[in-house]
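Taken in order, these protein sequences are the chains called Z and A. Residue 1 is where the first sequence starts when you use our numbering, and the numbers rise one by one after that. Residue 395 is where the second sequence starts when you use our numbering, and the numbers rise one by one after that. Report on the structure given below.
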Amino acid sequence: MMPILPTLFVSAALFTALPAFACDEAEKLRLAEEISRLAAKNAWTGVERSYTALLATRCELKFESYWLGSESARFLGKTFEQFERLELAKKIDAQPQVLDSLAAIEGNYGRIDIHGDVRHPPLLTRADMPFAPDQRKSIEWAAQVVTATGSLHGMLPFGDYDVGGVKFAVAAGPDFQPVTVGKVRAAPVAKGEEAGPEQTAGSKGAINYAGPVVLVGPGFLLTAAPEGVEGANGIEVQPDSVRAAGVVAELGAEIGLTYSAPEAGLALVVGYGGGFGGAHTFHQFSGWAAGVLRPGQARIALGPSYQLVAGKGQGIYEAFAQGDADGIAVSGLDYSGYSWGAGVRGSVGYGLLDLDNLRGVVELGSAWHSDGARSFLGFGMTFGIVPAVPRFEQ
Amino acid sequence: MGQIGKIALCAALFGVGAPAFAGEVRYVGEGHAYNPMWSRDGKYLAFEVNQLAGDVEMFVSEVTGAIAKDAVKVTLPGGTTAYGGKNQVLENATWVKGNVAVFEGSNQGGQFRLYTYQPGGGAATELIPTTQVPGDLTFPHAADNNSLAFVSDATGAGDVRIRNPAGALSQITTTSAPEVFPTWLPDATEMAFSRKTNNTEDLFEIIVATKAEATISGGGGDQTRPVYAAGKLLFFDDSRGDNVWDVVIVDSPGATKRAMAKGIRLPLRSRPAVSPDGKYLAFTYDDPTKSGKVVVTALDGSASVDINTQFTACGEPALSFANGRYILAYTALPSANAAWRFLYVEDITDKL
């Protein structure tokens, strides 16, 4: 039998270490060179991608990286991100051009905080689009963000706008101007009614995402000998305490039911847990209805489950050796039988691989069940796929 | 000279209280100043500085009532420092409404693309991504409604394309001969351009909606860089002989050419310098003995004024007309042995 506690400890350490690695200096250098090369070719989408990857190295960045990151943000219309990156560049080296760019943003853009419904995102529009492409892109990007998320915390060129029928003007100032959008009009083409301007980017369905859940990995089973169960003159014949290692497998589906982060959903999973080796063999079959929370790339699932256990082995619990069975060597007695009962199961995982509509995850899970006489405690570290949460990358 | 140049406010020369002024436009660095281009409201002046070392820099100066402010250098995105990359070429500016300059830019020996620059707006921004139109984009020219004409070599030969005010792109010419210098009729319904045929440039006019084309002027020599003024078309013409340039005018396609100025000094890139109100033409002479002056002549032939300067090799004139004042910009050598041409602006209202 595998040593359970050390294995769990290693697994937990590995799991927690995955998302929080230290500075990758070599990768930072490679990406910094890549950014310069892409910038020289005006490949700003690539620069933005490399800049994002550069941030993920958790390294301290140089002036050039922040400067080119600000340029890529500008090209893409991410004015507030451009402003933030310029501020970081300024802290390293307050070059005149950086100061000019900051002043240019302050002189042409205002801060805005739009709050709308992510399920019914409003449309952000401006009647007279400016000629300057960076200002145009800023508006287009902001409209894209509002359409995808219902909200915007960013900067827009000075001027008059409409978001979901709420008119507002963007002006200079250090503070974010709040704009709250109420219920937006979906399709104003009612019979006998003059069609007004579209105010919503469309409604989103009740289900945000859906996909399979397939997980497999090593598992461990602990079930202590029961207490207070009658012995040989009674009914129950229970195995002694059992510790067994084996596998855990889960198969099911998950749907997302909310759009705001952290997204929440529901998973229905059937599972198998096997404990083998030594004197005991256990097969656990379970059904699990879990509430799921998806903060960032993490996945937290918790909910009730019901399991059926089939076990056989050698070693009856000590309490059996009384009455008529007094003096019997219970450790040599074979047993087999079934058990069932309800419990609760939970898991915490992290998505490491982007597989388009799916996400490759590693999870730590645990389950507790009771058949009324004894409890079953299971642990597992699983790898597999879960549905990816569609998110608008800002 | 540029670095040590000074603004020579000469309002006093024109009388106390008069808004007239004259002075050099200062910029940081050295090089020949070329191709001044006024914004539509006459508030800004974009110009190029060429060090003859591979780079062509662009500067923009704000020209207020009585002063030309220190020019700000325009940088292309893509340099690894905030000052931009090396080997950047920025040239051929045109202005759209709202004081946005559109110009050609090439970063580190790459393709020429169109960029925009707004004074006070930070670094330049690429206007049309390569995903929309690949290749070199050159010769931008803006109409009154901010429609932009330019030349693209995406098909192998330079073709005129337009970008309408909403940003939509379309191709106007499709010939195998290269077209250059598209120039809008201000209302954006028609445009004139040069087309290179038989090793010389001829002038054509096209109706944008129908793409119906008419020859404005052809034949021997080059006829190039058209500009509309008061319903007529002016352009440079060297049909009298190689590198003997005249400014000529035609009333309509195929009409007889009339010379407005003969033996002029051909600007490096710009079209004939016509005032925004279509009344005046400014030019300089190629003859060294006459190179110390800029001539401003009325297009209706009613007057011609010599703007005498204290400089030599005057050229590259550009006229603005705003708030009732005519401002002339030109480049010149400040003295016969000067290393670099500098840029000078002068209020000539009282001389006209």
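Where is the CB? At the ideal position from N, CA and C, for every residue including glycine. Model, not experiment: these values are computed from the prediction.
Exercise. Keeping to the same chain, check which residues put their C-beta closer than 7 Å to that of TRP288/Z; ignore five residues upstream and five downstream.
Key: Position 288 of the first sequence holds residue 288/Z. Result list for TRP288/Z: VAL269, GLY271, GLY303, SER305 and ARG345, in chain order.
Quiz item: DSSP three-state call for THR703/A: helix, strand or coil?
Solution: Numbered from its first residue, the second sequence carries residue 703/A at position 309. In this structure, THR703/A counts as coil in the three-state DSSP scheme.
Exercise. Please work out which residues of its chain come closer than 6 Å, Cβ to Cβ, to PRO661/A, disregarding the five sequence neighbours upstream and downstream, and give them in chain order.
Key: Residue 661/A sits at position 267 when you count from the first residue of the second sequence. Here the set comprises GLU710.
Quiz item: Exposed or buried, which one is GLY384/Z when buried takes at least 16 other CB atoms within 10 Å?
Solution: One-based indexing of the first sequence puts residue 384/Z at position 384. Burial call: buried.
Quiz item: Do GLY372/Z and GLY341/Z have their C-beta atoms within less than 8 Å of each other?
Solution: Locating residue 372/Z in the first sequence gives position 372, counting from the first residue. Locating residue 341/Z in the first sequence gives position 341, counting from the first residue. Yes, these two residues count as a Cβ contact at 8 Å.
Practice problem: Look at PHE587/A and VAL641/A and say whether their C-beta atoms are less than 8 Å apart. | Solution: Within the second sequence, residue 587/A is the residue found at index 193, counting from 1. Within the second sequence, residue 641/A is the residue found at index 247, counting from 1. Contact: no.
Practice problem: Could you check the C-alpha separation between LYS745/A and VAL699/A for me, to the nearest Å? | Solution: Here the question's residue 745/A lines up with position 351 in the second sequence. Here the question's residue 699/A lines up with position 305 in the second sequence. Answer to the nearest angstrom: the Cα atoms are 7 Å apart.
Quiz item: If TRP574/A sits next to PHE629/A, beta carbons under 8 Å apart, how far is it from one beta carbon to the other, in whole angstroms?
Solution: Taking the first residue of the second sequence as position 1, residue 574/A is located at position 180. Taking the first residue of the second sequence as position 1, residue 629/A is located at position 235. Rather than Trp, the amino acid found at residue 574/A in this sequence is Val. Actually they are not in contact, since the Cβ atoms of VAL574/A and PHE629/A sit about 12 Å apart, beyond 8 Å.
Quiz item: DSSP state of SER729/A, grouped into three classes?
Solution: Sequence index remark: in the second sequence, residue 729/A carries index 335 (1-based). Looking at SER729/A - three-state DSSP - the assignment turns out to be coil, as it is neither helix nor strand.
Quiz item: So what's MET1/Z in DSSP terms, helix, strand or just coil?
Solution: Within the first sequence, numbered from 1, the residue matching residue 1/Z stands at position 1. Residue placement at MET1/Z is poorly supported in this model, since its pLDDT is 36, which falls under 50; the coordinates are not used for a value here.
Exercise. Identify, in the order they occur along the chain, each residue of the same chain with its Cβ nearer than 8 Å to the Cβ of LEU54/Z, setting aside the five sequence neighbours on each side.
Key: For the purposes of this step, residue 54/Z is taken as residue 54 along the first sequence, with counting starting at 1. Contacts found: LYS28, LEU31, ALA32, ILE35, LEU61, SER65 and GLY69.
Exercise. Decide if the stretch 244 to 256 of chain Z is in contact with the stretch 209 to 222 of chain Z; the criterion is three or more beta carbon pairs, one per stretch, under 8 Å apart.
Key: yes
Practice problem: Below 8 Å on the Cβ atoms is my guess for GLU161/Z versus LEU123/Z; work out the distance and round it to an integer in Å. | Solution: The residue given as residue 161/Z occupies position 161 in the first sequence. The residue given as residue 123/Z occupies position 123 in the first sequence. Correcting the residue type first, residue 161/Z is Tyr in the shown sequence and not Glu. The pair is not a contact, with the Cβ atoms about 10 Å apart (cut-off 8 Å).
Exercise. Have a look at GLY327/Z and VAL237/Z and give me their C-alpha separation to the nearest angstrom.
Key: The sequence position of residue 327/Z within the first sequence is 327, counting from 1. The sequence position of residue 237/Z within the first sequence is 237, counting from 1. Cα to Cα, GLY327/Z sits roughly 16 Å from VAL237/Z.
Quiz prompt | Rounded separation between ILE643/A and ARG85/Z - CA only | solution = As a working note, residue 643/A is residue 249 in the second sequence. As a working note, residue 85/Z is residue 85 in the first sequence. ILE643/A and ARG85/Z have their C-alpha atoms spaced approximately 53 Å apart.
Self-check item: Start and end residues, alpha helix (DSSP H) containing ASN486/A
Solution: In the second sequence, counting from the first residue as 1, residue 486/A sits at position 92. Not the alpha helix (DSSP H): ASN486/A falls in the beta strand (DSSP E), residues 483 to 490.
Self-check item: chain Z within 8 Å of ALA732/A, Cβ atoms only
Solution: Here residue 732/A refers to the residue found at position 338 of the second sequence. Answer no: the Cβ-Cβ gap between ALA732/A and chain Z never drops below 8 Å.
Quiz item: What distance in whole Å lies between the Cβ atoms of ASP113/Z and PRO178/Z, which are believed to be in contact at a cut-off of 8 Å?
Solution: The residue given as residue 178/Z occupies position 178 in the first sequence. The residue given as residue 113/Z occupies position 113 in the first sequence. Between PRO178/Z and ASP113/Z a beta carbon distance of about 5 Å is seen, short of the 8 Å cut, so the two are scored as contacting.
Self-check item: CB contact below 8 Å: PRO157/Z versus chain A
Solution: To locate residue 157/Z, count along the first sequence from 1; it is residue 157. Taking Cβ atoms only, chain A never reaches closer than 8 Å to PRO157/Z, which makes this a no.
Practice problem: With 8 Å as the threshold, decide whether the Cβ of GLU451/A is near any Cβ in chain Z. | Solution: Counting from 1 along the second sequence, the entry for residue 451/A is found at position 57. No, its Cβ sits nowhere closer than 8 Å to a Cβ of chain Z.
Quiz prompt | Cα-Cα separation between VAL739/A and VAL146/Z, rounded to whole angstroms | solution = Translated into positions along the second sequence, residue 739/A becomes position 345. Translated into positions along the first sequence, residue 146/Z becomes position 146. Near 48 Å, if we compare the C-alpha coordinates of VAL146/Z and VAL739/A.
Practice problem: Measure from the C-beta of ASN357/Z to each C-beta in chain A and report whether the shortest distance is under 8 Å. | Solution: Counted from its first residue, the first sequence places residue 357/Z at position 357. Cβ-Cβ to chain A under 8 Å: no for ASN357/Z.
Quiz prompt | chain A contacts from the stretch 95 to 109 of chain Z (Cβ-Cβ distance under 8 Å) | solution = GLN95, PRO96, GLN97, VAL98, ASP100, SER101, ALA103, ALA104, ILE105, GLY107 and ASN108
Quiz item: For ARG74/Z, which residues in chain A fall below 9 Å Cβ to Cβ?
Solution: For the purposes of this step, residue 74/Z is taken as residue 74 along the first sequence, with counting starting at 1. Within 9 Å Cβ-Cβ: PRO471, GLY516, ALA517 and THR519.
Practice problem: Have a look at ASN493/A, GLU607/A and TRP639/A and flag the residue whose alpha-carbon is nearest the alpha-carbon of GLY615/A. | Solution: The count along the second sequence starts at 1 and reaches residue 615/A at position 221. Selected option, being the one with the closest Cα: TRP639/A.
Practice problem: Quick one: give me the first and last residue of the beta strand (DSSP E) that SER336/Z is part of. | Solution: Along the first sequence, read from residue 1 onward, the residue named residue 336/Z stands at position 336. Its beta strand (DSSP E) spans residues 334 to 355.
Quiz item: Do the stretch 99 to 110 of chain Z and the stretch 159 to 175 of chain Z meet, that is, are 3 or more Cβ pairs less than 8 Å apart?
Solution: yes
Practice problem: Going by CA-CA distance only, name the one from ARG665/A, ARG663/A and ASP632/A that's closest to ARG652/A. | Solution: Position 258 of the second sequence holds residue 652/A. When only C-alpha atoms are compared, the closest one is ASP632/A.
Quiz item: Mind pulling the chain A residues with CB within less than 8 Å of PRO87/Z?
Solution: By 1-based counting over the first sequence, the position of residue 87/Z is 87. The sequence given here places Glu at residue 87/Z; Pro does not occur at that position. What GLU87/Z touches in chain A: nothing, since even the nearest Cβ is about 14 Å away.
Exercise. Rounded to whole angstroms, what's the CA-CA distance from ASP100/Z to LYS90/Z? Just pull it up for me.
Key: Working through the first sequence from its first residue, we reach residue 100/Z at position 100. Working through the first sequence from its first residue, we reach residue 90/Z at position 90. ASP100/Z and LYS90/Z: Cα-Cα distance of roughly 11 Å.
Quiz item: So what does DSSP say about THR79/Z, is it helix, strand or coil?
Solution: Walking along the first sequence from the start, residue 79/Z turns up at place 79. THR79/Z: helix per DSSP, three-state reduction.
Practice problem: Kindly give me the distance between the Cβ atoms of ALA367/Z and GLY343/Z, rounded to whole angstroms, as I take these residues to be in contact under 8 Å. | Solution: Along the first sequence, read from residue 1 onward, the residue named residue 367/Z stands at position 367. Along the first sequence, read from residue 1 onward, the residue named residue 343/Z stands at position 343. The C-beta separation of ALA367/Z from GLY343/Z comes to about 6 Å, placing the pair in contact by the 8 Å criterion.
Self-check item: GLU584/A, DSSP secondary structure in three states
Solution: As a first step, residue 584/A is located in the second sequence; it is residue number 190 there, counting from the start. The answer is strand: DSSP assigns GLU584/A an E or B state.
Self-check item: Three-state secondary structure (DSSP) of ILE461/A
Solution: As a first step, residue 461/A is located in the second sequence; it is residue number 67 there, counting from the start. Coil.
Self-check item: Helix, strand or coil at ASP744/A according to DSSP, with G and I counted as helix
Solution: On the second sequence, residue 744/A is found 350 positions in, with the first residue counted as 1. Helix.
Quiz prompt | Ordered list of beta strand (DSSP E) runs contained in the stretch 290 to 315 of chain Z, each at least 3 residues | solution = 298 to 314
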